[in-house]
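In the UniProt record's numbering, the protein residues as written are 1 to 547.
What follows is the structure, encoded as structure tokens:
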């Protein structure tokens, strides 16, 4: 919005947002409305622009919260620190840049300098945030594998444009490294649609004509079966791509018995076993029936369980969901883009949509990447257990999506009005919380409020009355018992010669240590909370005696 006197940036929370009510409440608690007008005047006081950016960022953070971030958002509600997650911070900052760019395209000359200065400050915040929060990979050497080099050359001959080179990154294997300094908005990688592997590729094949008659078989499964055979097709258009793939993907689906046993007592054990059982059942439904019925299309030697598992790991760890210009979401393999590794603070956050009229998929930067630095994207808001199971790695840094779900039964109090819309509850490492004060303890407010109401529906919570404090003690004691029991079930980590451990055993050990740390942080926070409550209860009872 622009007039001769002033330019206005409007930040509005969409009424279609699934968590509109929760975000509206959070905005109002900080003095904002769901539709906030930020006025930019041509005559400004010193420090005004920095103060304006701070307000813009406060609002944008809340608008950009996802479900999990919103659940834990109240952890820091009483502190000056309002950081929610790396994803949220980058989304918030980049959304402000988009709004400023829209304003620049329509404002009068009078306000151009103000908007440009505003944009420069936000871009600096993005850059500074990346420097402080990213875990930089150590680039060991340029990757000189002939298959990889051939793939890159094939891609470029087919229209791939890239500002990246493939190198070996310590702890991550192959990675994509910036050839030069890249700015916010720069295109690091552009892949033409003609070399993206999607379901359209198999529509004209005889395999598709056979499989489309099979009840319940999805397009993703057809693609998986096609890729199992195409890997060995010497005349394949995608020969260079399949030749560049590893013989083993080393995901959690390939964990050995010893690594599986190390996971006893963890959620990852259940996740891996369920995924394996699902895949084995799927394979047994398809084979050897397809091989017997169509031996020319499905030769038995190409459709063994081992090759099926390899193909599953390929699609789990390398596929991306892309929204095409026709509005359809498709699961695809994207040659060369698969070299981009995951980061909790990625350079690329939006890459899954092909715009109308475009014949390529662009990977644009949401934060700067310096020459020689590994360029990363986000595979999604996944827990470490999911990343190990389907991708085969444990992310570096504190993963805000490492949550432990809790099965809470609130059926006994259905008649009591629940002030929260949360139907599921969870905890995470309390180290990530900024609020460890009384009635918070580093634990999520929705969980604590649910437990308080479940134990004492009519009790006035978060007050220093004796009955409330006694209820608070019971809530914390119950939670501490749950997580002390969880720690006991995981058992102690026996001394293991890590140098001689296999890749899966190392991953299993690292994950279990992480889970013990998370559970221990929750137990410790409960104990600290118990100490605070007991102290307040002691003072309360002393006052009653004196009275």
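Yeah, the Cβ is synthetic: ideal placement off N, Cα and C, and Gly gets one too. Since the model is a prediction, treat every value here as computed from it, not as a measurement.
Cβ-Cβ separation between residue 352 and residue 323: approximately 6 Å, consistent with a contact (criterion under 8 Å). Within the same chain, 255, 256, 259 come within 6 Å of residue 504 by CB-CB distance, once the 5 residues on both sides are set aside. In the DSSP assignment, residue 486 falls outside any beta strand (DSSP E) and lies within the alpha helix (DSSP H) extending over 466 to 490. Cβ-Cβ separation between residue 332 and residue 441: approximately 45 Å, too far for a contact (criterion under 8 Å).
Here residue 369 is bridged, per DSSP, to 182. When only Cα atoms are considered, residue 60 and residue 33 end up about 12 Å apart.
Counting C-beta atoms within 10 angstroms of its own C-beta, residue 246 has fewer than 16 neighbours from the protein chains shown and is therefore classed as exposed. For residue 388, same chain residues with a beta-carbon under 7 Å away, outside a window of 5 residues either side, are 252, 268, 394, 507, 511 in chain order. Residue 39: member of the beta strand (DSSP E) spanning 35 to 41, first to last residue.
Judged by pairs of C-beta atoms under 8 Å, the stretch 92 to 102 touches the stretch 125 to 139, as three or more such pairs exist. Shortest Cα-Cα distance from residue 325 to any of 185, 349, 354 involves 354.
Annotated as distal: residue 70 and residue 20, with beta-carbon spacing of 7 Å or more. Exclusion of the five residues before and after residue 370 leaves 181 as the residues of its chain whose Cβ lies within less than 6 Å of its Cβ. Its Cα nearest to that of residue 58, the residue 84 stands out among 84, 306, 39, 40.
The stretch 357 to 368 and the stretch 180 to 198 touch, with three or more beta-carbon pairs separated by less than 8 Å.
Taking all protein chains shown into account, residue 300 has fewer than 16 neighbouring C-beta atoms within 10 Å of its C-beta and is therefore exposed. With contacts defined by Cβ atoms closer than 7 Å, residue 376 and residue 341 form a contacting pair. Within the DSSP secondary-structure output, residue 275 pairs in no beta bridge. Ranked by Cα distance from residue 390, the first of 429, 381, 314, 439 is 314. In the structure shown, the three-state DSSP call for residue 360 is strand. Selection 520, 25, 90 evaluated against residue 348 yields 90 as nearest (Cα-Cα). Of the residues 202, 135, 374, 445, the one whose Cα lies closest to the Cα of residue 218 is 202.
Under the rule that a run must span 4 or more residues, the alpha helix (DSSP H) segments found entirely inside the stretch 200 to 264 read 206 to 211, 219 to 230, 239 to 244, 257 to 262.
Between residue 163 and the set 191, 174, 137, the nearest pair of CA atoms involves 191.
Put simply, the backbone Cα of residue 486 is about 17 Å away from that of residue 425. Going by beta carbons, residue 9 and residue 38 fall inside the 7 Å limit.
Beyond the five residues adjoining it in sequence on each side, residue 302 comes within less than 7 Å, by CB distance, of 228, 229, 232 in the same chain, given in chain order.
Contiguous alpha helix (DSSP H) elements confined to the stretch 110 to 162 occur at 146 to 157, taking only those with 4 or more residues. By the criterion of a C-beta distance shorter than 6 Å, residue 250 is surrounded in its chain by 392, 503, once the five residues flanking it on both sides are discounted.
A residue is called buried when at least 16 other Cβ atoms come within 10 angstroms of its Cβ; residue 532 meets this threshold and is buried. Contact between residue 344 and residue 397 holds, since their C-beta atoms are separated by about 5 Å, short of 8 Å.
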